[in-house]
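Working notes for the structure below.
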Amino acid sequence: MIFRFRDLGSNCLAFALVLALGSAHALTVQEVNSVTVGEGDARVEALQALATKPSDHTFIFLQALADDEVKRIGNKTVILKEGVALDPTNGQTLNLQSNALATAEDVLINNRMRGEIDNALSALKLLSADSSVRREAAKTLQGQVSEAQIPLIDKAMEHETVADIRERLALLRAAALLGSDDAAKRVAAAELLGSSSQAATQTLLSERLQVETEPAVKQALFKSLRLVKDRLAWGDRLGAIFSGISLGSILLLVALGLAITYGLMGVINMAHGELMMIGAYATYVVQGLFQKYLPAQFEWYLLASVPIAFLAAALVGAALERSVIRFLYGRPLETLLATWGISLMLMQGVRSIFGAQNVGVENPSWMSGGVQLMGNLSLPYNRLIIVAFSISVLLAVALLIGKTRLGLFVRAVTQNRPIASCMGVNTARIDTYAFALGSGIAGLAGCALSQVGNVGPDLGQSYIVDAFMVVVLGGVGQLAGTVVAALGLGVLNKFLEGITGAVLAKIAVLLFIIIFIQKRPQGIFAMKGRSAEA
């Protein structure tokens with residue numbers, strides 16, 4: 082029986098090399114032994130040389146080394162896989178007795194050697210047929226290439242058709258030339274690296290600057306290092322802004338429901354966070370149902386979760402308003418205490434049904450990954466989708482409150498309940514509808530939050546205080562103020578985190594809000610015109 086290298090596992094198939102680039106290197110016994118036997122420096126040197134000779138044989142031998150499947154039996158080096166000994170030079174099965182296999186010894190691989198193996202594998206993956214593998218390999222090799230790998234990089238560049246990968250390869254080539262004996266080549270390499278936006282390039286230039294003695298090269302290195310640092314600084318700033326917008330969009334989703342229940346209705350609902358939690362657990366339940374009954378359609382479970390999360394939270398909110406809240410209008414302290422007790426009951430109910438441990442909600446594949454704008458700036462798809470989702474919910478709420486009959490009734494009851502009742506508005510029903518709407522929006526917030534973290538009984542407690550601060554800061558009953566406050570607090574919090582740390586940033590934001598409310602109690606946007614108290 083003969084084992085071909087394509088039979089060595091799907092992990093090898095994933096990195097099939099483009100051998101059409103040239104004649105494949107024939108791996109020799111001497112090369113195999115030089116990598117597995119001898120002193121550390123000699124083995125590393127042999128491994129680095131082998132990494133410049135692409136072939137299926139070379140790749141799978143190195144992959145076997147990384148997987149600890151290369152053994153020594155007597156004076157032979159073999160790949161021992163699933164109890165079968167294979168010749169690493171050609172993949173053929175070796176007819177060895179079982180007692181010989183029992184004497185197989187591990188090849189010594191220390192941390193330095195393992196790092197060199199990973200580096201060599203990444204270099205060979207530059208010739209993969211899969212563009213995503215080539216892109217990841219180029220990213221991994223940044224700052225770890227040597228001049229000996231330039232022929233391999235040139236071969237990869239010769240046939241590379243993807244623009245961003247080709248650009249990465251050019252930077253890799255420049256990084257390799259920094260170690261050249263020719264000062265002119267080092268200057269050219271330093272100048273080319275000035276266009277990089279990779280953190281590894283900054284480290285590479287800094288290290289080279291410390292050992293460089295040629296004035297012209299040092300000047301080029303210093304100039305490029307400054308350019309790379311400036312570019313990375315901008316990446317950090319833009320990353321902080323995006324993180325702030327992402328946090329702000331989540332706060333906006335959470336606060337939108339409160340803007341209705343508290344801002345429009347005047348109800349201090351301490352159970353608002355638990356209504357979010359119900360939306361998140363509704364998403365978890367829908368995920369489980371799709372996994373069990375519709376596995377082929379699992380990628381679309383999140384779309385089905387959105388209306389279900391809204392309805393689940395809205396129904397609980399309506400039941401809460403009909404059974405408790407309607408008896409407490411105009412009594413804020415009693416409302417606060419009652420809803421706080423209800424929040425504890427809801428958390429305990431969830432613990433009894435789903436357990437006290439967090440549950441995981443998976444991202445659909447279309448929400449995985451992200452957009453790489455700069456070397457240190459990546460925008461995850463799940464965050465981008467949540468930002469778009471928040472904007473969609475905001476527009477829907479604004480249209481509902483401002484343009485529909487229900488919104489007109491809600492505004493009428495908010496401004497003057499007795500007159501609205503005299504005009505034929507069923508105020509009790511409008512109260513229920515409005516509270517259910519605010520609760521349903523909280524459920525949508527929980528659905529969105531399930532995509533960026535674990536779902537647990539304490540989910541709502543992490544956001545309820547921030548949500549109240551957003552509503553108060555923006556101006557009670559003002560949707561525009563809620564938007565500005567949510568995004569402003571999100572961006573401010575993320576910028577302060579980078580300076581003071583997460584805890585001090587929270588304290589600083591809280592102090593800012595206290596001072597602001599002292600100076601402007603009505604919030605950012607004050608209610609226009611006259612309001613009649615019920």
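First residue of the sequence shown: 82, per the working numbering; consecutive thereafter. Beta carbons: idealized from backbone N, C-alpha and C, even for Gly.
- Contact check between the stretch 207-225 and the stretch 179-187: fewer than three CB pairs, one atom from each, fall below 8 Å, which does not count as touching.
- By the neighbour-count definition (other C-beta atoms within 10 Å, threshold 16), residue 504 is an exposed residue.
- Excluding sequence positions up to five before and after residue 526, its CB lies within less than 6 Å of the CB of 334, 335 and 357, all in the same chain and listed in chain order.
- For residue 166, there is no enclosing alpha helix (DSSP H); the enclosing beta strand (DSSP E) has its first and last residue at 165-167.
- With contacts defined as CB atoms closer than 8 Å, residue 285 and residue 256 qualify as a contacting pair.
- With at least 16 other beta carbons inside 10 angstroms of its own, residue 538 counts as buried.
- For residue 452, the beta-bridge partners assigned by DSSP are 460.
- Secondary structure note for residue 161: its beta strand (DSSP E) is the uninterrupted segment 157-162.
- Bounds of the alpha helix (DSSP H) holding residue 587 are 583-600.
- Separation of residue 547 and residue 394 (C-alpha to C-alpha, rounded to the nearest whole angstrom) is 20 Å.
- With a cutoff of 8 Å on beta-carbon distance, residue 258 and residue 228 are scored as near each other.
- Distance between residue 508 and residue 498, taken at the CA atoms: about 7 Å.
- Secondary structure note for residue 152: it is in no alpha helix (DSSP H), and the uninterrupted beta strand (DSSP E) holding it is 151-154.
- Contact between the stretch 425-441 and the stretch 291-306 is not established, with fewer than three Cβ pairs separated by less than 8 Å.
- If you look at residue 378, you'll find it isn't in any alpha helix (DSSP H); DSSP assigns it neither H nor E.
- Secondary structure of residue 278 (DSSP, three-state): coil.
- Fewer than three pairs of CB atoms, one per stretch, sit closer than 8 Å, so the stretch 372-385 makes no contact with the stretch 406-414.
- Under DSSP, the beta-bridge partners assigned to residue 440 are 536.
- Residue burial annotation: residue 600 is exposed, with fewer than 16 other C-beta atoms found within 10 angstroms of its C-beta.
- Annotated as proximal: residue 287 and residue 306, with beta-carbon spacing under 8 Å.
- DSSP lists 167 as the bridge partner or partners of residue 174.
- Residue 270 and residue 283 have their C-alpha atoms spaced approximately 13 Å apart.
- Residue 568 is not a Cβ neighbour of residue 475, given a cutoff of 8 Å.
- One alpha carbon belongs to residue 213, the other to residue 438, and they sit about 36 Å apart.
- Apart from sequence neighbours up to five positions away, the residues of its chain that approach residue 324 with a beta-carbon distance below 7 Å are 575, ordered along the chain.
- Collapsing the DSSP output to three states places residue 187 in a strand.
- Secondary structure note for residue 142: its alpha helix (DSSP H) is the uninterrupted segment 137-147.
- Judged by pairs of C-beta atoms under 8 Å, the stretch 194-214 touches the stretch 130-144, as three or more such pairs exist.
- When the Cα atoms are used, residue 465 and residue 481 turn out to be separated by approximately 24 Å.
- Rounded to the nearest whole angstrom, the C-alpha separation of residue 160 and residue 532 is 42 Å.
- Taking C-alpha positions only, residue 354 is separated from residue 420 by approximately 11 Å.
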